[in-house]
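Residue numbers (our numbering): 683 to 776.
Below, the structure is given as structure tokens:
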């Protein structure tokens with residue numbers, strides 16, 4: 683019994699010493715891993731994401747273009763940039 687306990691403790695110690703500690707990360711829908719505070723631009727969705735670690739849990743917050751009403755006599759014009767917020771459409775009235 684004493685030998686078995688010693689072996690179990692030895693195996694646990696070896697596993698603990700050789701363990702690799704990986705930080706908690708966020709993962710985007712594209713599979714990109716982000717660390718706490720990292721930003722990621724998604725040009726396909728014209729959005730910006732930020733990884734935040736709260737109480738050991740990864741949270742991915744996103745910013746996207748605002749929805750808006752286009753008044754009569756105006757039109758929505760596509761944004762000129764590739765990345766958020768420059769890719770967001772705007773309203774142009776004549």
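C-beta: ideal position from N, C-alpha, C; glycine also.
- Per the coordinates, the alpha-carbon of residue 728 lies some 6 Å from the alpha-carbon of residue 769.
- Proximity of the region 748-768 to the region 707-727 meets the contact definition, three or more beta-carbon pairs being nearer than 8 Å.
- For residue 726, there is no enclosing beta strand (DSSP E), since its DSSP letter is neither H nor E.
- With at least 16 other beta carbons inside 10 angstroms of its own, residue 733 counts as buried.
- Look at the beta carbons and you see the region 705-724 not touching the region 747-760: under three pairs across the two are nearer than 8 Å.
- The beta-carbon separation of residue 735 and residue 706, rounded to 5 Å, stays under the 8 Å limit for a contact.
- Sequence-distant Cβ neighbours of residue 738 in its own chain, meaning closer than 7 Å and more than five residues away, are 706.
- Residue 730 and residue 753 have their alpha carbons spaced roughly 27 Å apart.
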